[in-house]
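Reading through the structure tokens given below for one structure.
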Amino acid sequence: HTEAQGMELEKESLALLREAVERMEAGFAGLPDTTSSMDRGAMRDVLLKVAERMRDNYPYFHPCYAGQMLKPPHPVARLAYMLALWVNPNNHALDGGRASSQMEKEAVAALARMFGWETHLGHLTGGGTMANLEALWVAGRLKPDGVVVASDQAHYTHSRISQVLKLGFEAVPTDARARMDATALEQRLKRGGVGTVVATIGTTGTGSVDPLPDILALREKYGFRLHADAAYGGYYVLADNLGPETAEAYRRLPEVDSIVVDPHKHGLQPYGCGCILFRDPSVGVLYKHDSPYTYFSSSELHLGEISLECSRAGASAVALWATQQLLPMTRGGDFASGLASCREAAMQLYGRLQSDTRFLTIMSPELDIVVFAPRASRSSDVSRMSRELFDAAASADLHLALFSYPARLLRQLWPDVRFDGDVVTCLRSCLMKPEHLAWLDRIWERLIAALPLS
Ligand SMILES: *Cc1c(COP(=O)(O)O)cnc(C)c1O
Numbered sequence: 006h007t008e009a010q011g012m013e014l015e016k017e018s019l020a021l022l023r024e025a026v027e028r029m030e031a032g033f034a035g036l037p038d039t040t041s042s043m044d045r046g047a048m049r050d051v052l053l054k055v056a057e058r059m060r061d062n063y064p065y066f067h068p069c070y071a072g073q074m075l076k077p078p079h080p081v082a083r084l085a086y087m088l089a090l091w092v093n094p095n096n097h098a099l100d101g102g103r104a105s106s107q108m109e110k111e112a113v114a115a116l117a118r119m120f121g122w123e124t125h126l127g128h129l130t131g132g133g134t135m136a137n138l139e140a141l142w143v144a145g146r147l148k149p150d151g152v153v154v155a156s157d158q159a160h161y162t163h164s165r166i167s168q169v170l171k172l173g174f175e176a177v178p179t180d181a182r183a184r185m186d187a188t189a190l191e192q193r194l195k196r197g198g199v200g201t202v203v204a205t206i207g208t209t210g211t212g213s214v215d216p217l218p219d220i221l222a223l224r225e226k227y228g229f230r231l232h233a234d235a236a237y238g239g240y241y242v243l244a245d246n247l248g249p250e251t252a253e254a255y256r257r258l259p260e261v262d263s264i265v266v267d268p269h270k271h272g273l274q275p276y277g278c279g280c281i282l283f284r285d286p287s288v289g290v291l292y293k294h295d296s297p298y299t300y301f302s303s304s305e306l307h308l309g310e311i312s313l314e315c316s317r318a319g320a321s322a323v324a325l326w327a328t329q330q331l332l333p334m335t336r337g338g339d340f341a342s343g344l345a346s347c348r349e350a351a352m353q354l355y356g357r358l359q360s361d362t363r364f365l366t367i368m369s370p371e372l373d374i375v376v377f378a379p380r381a382s383r384s385s386d387v388s389r390m391s392r393e394l395f396d397a398a399a400s401a402d403l404h405l406a407l408f409s410y411p412a413r414l415l416r417q418l419w420p421d422v423r424f425d426g427d428v429v430t431c432l433r434s435c436l437m438k439p440e441h442l443a444w445l446d447r448i449w450e451r452l453i454a455a456l457p458l459s
């Protein structure tokens, strides 16, 4: 715990917040004063209690947290979000947030351009789940009689969303690299009745990218709506160090009908920021509604007219817009090289694991997730040792995640292992922070020190 004592949270930027609040306040200077007294002492007591309660968390912000898909927002996003809270705009309608709605339109157009779309229809959402709900809702309106098909490694939200929307859902098997098996997809398409295919561009479990060129070829032949769930992987379209097959899938991404990307996953945003993008803006007609509560006042587009969610934090749009100003989403830019260094960190960790006989590996990471396990001769021992290593690493302040891998996909890769169960518990590490590359030696040291003695 020696390093932990030197740990400091970034606080310098708080001074900028005060300056920015004062700059914003000047815009409202014509109003009568409403300052009221508050009990600062009581508020301080409560806040310090909150600070103590919040210590009971994994240190998600720290590079030694290398488990689930978590990373801190950029300081500029944190500050812009807080700045917006003094006004607390609601991006449901322009009347709820004129400036923040405009910023949302600009930020969302920038995301669409990142995927090569000059025109689009889209908006921010509370997260990837809501964004995917909207994608499948539109898909279901356009293809009401067809089932939704996704790979068995797609996010579990797709089967649940399909239930909510009363659309049929079927899973297609994956290959040994956890990508949708295009041959299996074609077999399913031949039987007919598929309305929508969900291609996962970066699975949540292993960061695998479904073979989009093959899926696009099947769309030519069978005709279905194609949605790309790029909630986690979408921003990797900017990275310049992807493998050739992965890069080709990203190159073809503009050809899908809709894309979900989560700025709160890889876009340096606080939670509450997903995004749905449709390639064809005319799907907007499906949203038409008439409500006595609606306070849409002008003929300009209110985001609530093209969104299933009503009230939404304008602060999320402000934070995303600010981040894009500071770190434009351009190939070769600082933001893109941050992503590339995450993938480089994952490749390096994979290389170390692969050349160490104490570990079993599965596949070279396509993005920044590495799945591995301690070597043992029986799969149940691999699972047990993974859980032991997970606990031992956590006590040494290295935080990993666990992942249940289907044994079916591992049999060929691990010929020396005797399989005595259907799933194998493995370790999973999302190296999502740009600092992870520089921290790899320290992460490795802790991992080795935590290895169970088999
Ligand atoms: C995270 C994720 C989701 C769900 O998004 P939330 O923002 O957690 O609601 C959906 N699909 C994929 C591929 C994801 O990684």
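In the working numbering, the protein residues as written are 6 to 459.
Quick reminder that beta carbons are idealized off the backbone N, C-alpha and C, glycines included.
### Query
What's the gap between the Cα of PRO77 and the Cα of SER312?
The residue given as residue 77 occupies position 72 in the sequence shown. The residue given as residue 312 occupies position 307 in the sequence shown. The straight-line gap from Cα to Cα measures roughly 27 angstroms.
### Query
Going by the CB atoms, is the gap between LEU172 and VAL153 shorter than 8 angstroms?
As a first step, residue 153 is located in the sequence shown; it is residue number 148 there, counting from the start. As a first step, residue 172 is located in the sequence shown; it is residue number 167 there, counting from the start. Less than 8 angstroms separates the beta-carbon of VAL153 from that of LEU172.
### Task
In the DSSP assignment, find the beta strand (DSSP E) that holds PRO80 and state where it starts and stops.
Walking along the sequence shown from the start, residue 80 turns up at place 75. It is not in any beta strand (DSSP E) - PRO80 instead sits in the alpha helix (DSSP H) that spans 80 to 90.
### Query
Whole alpha helix (DSSP H) runs in the stretch 317 to 358 with 4 or more residues, listed along the chain?
319 to 331
### Query
Taking all protein chains shown into account, do 16 or more other C-beta atoms lie within 10 angstroms of the C-beta of ALA31, making it buried, or fewer, making it exposed?
The residue labelled residue 31 in the question sits at position 26 within the sequence shown. Burial call: exposed.
### HIS125 beta carbon less than 8 angstroms from that of PHE283
Within the sequence shown, the letter at position 278 stands for residue 283. Within the sequence shown, the letter at position 120 stands for residue 125. Yes, they are a contact pair.
### Message
With three or more C-beta pairs closer than 8 angstroms as the rule, is the stretch 393 to 404 touching the stretch 439 to 459?
### Response
yes
### Query
Among the residues of its own chain, which have a CB less than 6 angstroms from the CB of LEU180, if the five just before and after it don't count?
Taking the first residue of the sequence shown as position 1, residue 180 is located at position 175. Note on identity: in this sequence residue 180 is Asp, with Leu being the wrong assignment. Cβ neighbours of ASP180 beyond the five flanking positions: ASP186.
### Query
When you compare only the Cα positions, how much space is there between SER263 and LEU223?
In the sequence shown, the residue the question calls residue 263 occupies position 258. In the sequence shown, the residue the question calls residue 223 occupies position 218. The alpha-carbon atoms of SER263 and LEU223 are separated by roughly 17 angstroms.
### Task
Taking the CB atoms as reference points, tell me whether ALA322 and LEU90 lie closer together than 8 angstroms.
Counted from its first residue, the sequence shown places residue 322 at position 317. Counted from its first residue, the sequence shown places residue 90 at position 85. For ALA322 and LEU90, no; Cβs fall outside 8 angstroms.
### Task
Determine the closest residue to ARG336 out of HIS294, TYR63 and GLY121, with distance taken between C-alpha atoms.
Numbered from 1 along the sequence shown, position 331 holds the residue referred to as residue 336. The shortest C-alpha separation from ARG336 is found at GLY121.
### Message
Output needed for THR366: all residues of its chain with C-beta closer than 6 angstroms, excluding positions within five of it in sequence on either side, in chain order.
### Response
As a working note, residue 366 is residue 361 in the sequence shown. Here the set comprises LEU358, GLN359 and PHE377.
### Task
Kindly examine ligand 1 and report whether one of its heavy atoms sits closer than 7 angstroms to the Cβ of THR134.
For the purposes of this step, residue 134 is identified with residue 129 of the sequence shown, where counting begins at 1. At least one heavy atom of ligand 1 is nearer than 7 angstroms to the Cβ of THR134, so yes.
### Query
For GLU123, which of helix, strand or coil comes out of DSSP?
Here residue 123 refers to the residue found at position 118 when the sequence shown is read from its first residue. Looking at GLU123 - three-state DSSP - the assignment turns out to be coil, as it is neither helix nor strand.
#### Entry: Within 8 angstroms, strictly: CB atoms of ALA350 and LEU436
As a working note, residue 350 is residue 345 in the sequence shown. As a working note, residue 436 is residue 431 in the sequence shown. Yes, Cβ-Cβ distance for ALA350 and LEU436 is below 8 angstroms.
### Query
Can you give the Cα-Cα distance for ASP425 and CYS347, rounded to whole angstroms?
Here residue 425 corresponds to residue number 420 of the sequence shown, with the count starting at 1. Here residue 347 corresponds to residue number 342 of the sequence shown, with the count starting at 1. So the alpha carbons of these two residues sit roughly 35 angstroms apart.
### Query
For GLY289, which residues of its own chain have a beta-carbon under 7 angstroms away from its beta-carbon, when the five flanking residues on both sides are left out?
For the purposes of this step, residue 289 is taken as residue 284 along the sequence shown, with counting starting at 1. Closer than 7 angstroms at Cβ, skipping near neighbours: LEU126 and ILE311.
### Message
List, from N- to C-terminal side, the alpha helix (DSSP H) runs of 4 residues or more that fit wholly inside the stretch 164 to 212.
### Response
187 to 195
### Message
Helix, strand or coil, according to DSSP, for LEU465 in the structure here?
### Response
Because the chain here runs from 6 to 459, residue 465 falls outside it and cannot be looked at.
#### Entry: Option nearest ALA71 by Cα separation, candidates GLY248, LEU407 and GLN417
Residue mapping note: residue 71 aligns to position 66 of the sequence shown, counting from 1. Nearest option by C-alpha distance: LEU407.
### Whole-angstrom distance between PRO268 and LEU22, CA atom to CA atom
Within the sequence shown, residue 22 is the residue found at index 17, counting from 1. Within the sequence shown, residue 268 is the residue found at index 263, counting from 1. About 22 angstroms.
### Message
Here's a check: name, in chain order, each residue in its chain whose Cβ is nearer than 8 angstroms to the Cβ of SER409, leaving out the five neighbours to either side.
### Response
Counted from its first residue, the sequence shown places residue 409 at position 404. Excluding sequence neighbours, SER409 sits near VAL428, VAL429, THR430 and CYS431.
### Query
Per DSSP, what kind of secondary structure is ASN96 in: helix, strand or coil?
Position 91 of the sequence shown, counted from the start, is the residue given in the question as residue 96. Assignment of ASN96 by DSSP, reduced to helix, strand and coil, places it in the coil class.
### Task
Give the straight-line distance between the Cα atoms of ASP361 and ARG389, rounded to the nearest whole angstrom.
Along the sequence shown, one-based indexing puts residue 361 at 356. Along the sequence shown, one-based indexing puts residue 389 at 384. Cα-Cα distance, rounded: 19 angstroms.
### Query
Would you say the beta carbon of ALA233 comes nearer than 7 angstroms to a heavy atom of ligand 3?
This structure does not include ligand 3; its bound ligands are ligand 1.
### Query
Rounded to a whole number of angstroms, what is the C-alpha to C-alpha distance between LEU194 and GLY238?
Counted from its first residue, the sequence shown places residue 194 at position 189. Counted from its first residue, the sequence shown places residue 238 at position 233. Using only the alpha carbons, I get a separation of about 26 angstroms.
### Task
Leaving aside the five residues before and after GLY11 along the sequence, list all residues of the same chain whose C-beta is less than 8 angstroms from its C-beta, in chain order.
Along the sequence shown, read from residue 1 onward, the residue named residue 11 stands at position 6. Around GLY11: no qualifying Cβ.
### Query
Within the present structure, is the beta-carbon of ASP215 separated from the nearest heavy atom of ligand 1 by less than 7 angstroms?
By 1-based counting over the sequence shown, the position of residue 215 is 210. No - ligand 1 has no heavy atom lying nearer than 7 angstroms to the Cβ of ASP215.
### Query
PRO439 and GLY343 look like a contact to me (Cβ under 8 angstroms); what is the Cβ gap, rounded to whole Å?
In the sequence shown, residue 439 corresponds to position 434, counting from 1. In the sequence shown, residue 343 corresponds to position 338, counting from 1. Indeed they touch by this definition, with Cβ atoms about 4 angstroms apart.
### Task
Return yes when the Cβ of GLY210 is within less than 8 angstroms of the Cβ of ALA183, no when it is not.
On the sequence shown, position 178 is the one that residue 183 refers to. On the sequence shown, position 205 is the one that residue 210 refers to. Yes, the Cβ-Cβ distance between ALA183 and GLY210 is below 8 angstroms.
### Query
Is LYS16 helix, strand or coil by DSSP?
For the purposes of this step, residue 16 is identified with residue 11 of the sequence shown, where counting begins at 1. Look at LYS16 here: in three-state DSSP terms it is coil, with no helix or strand label.
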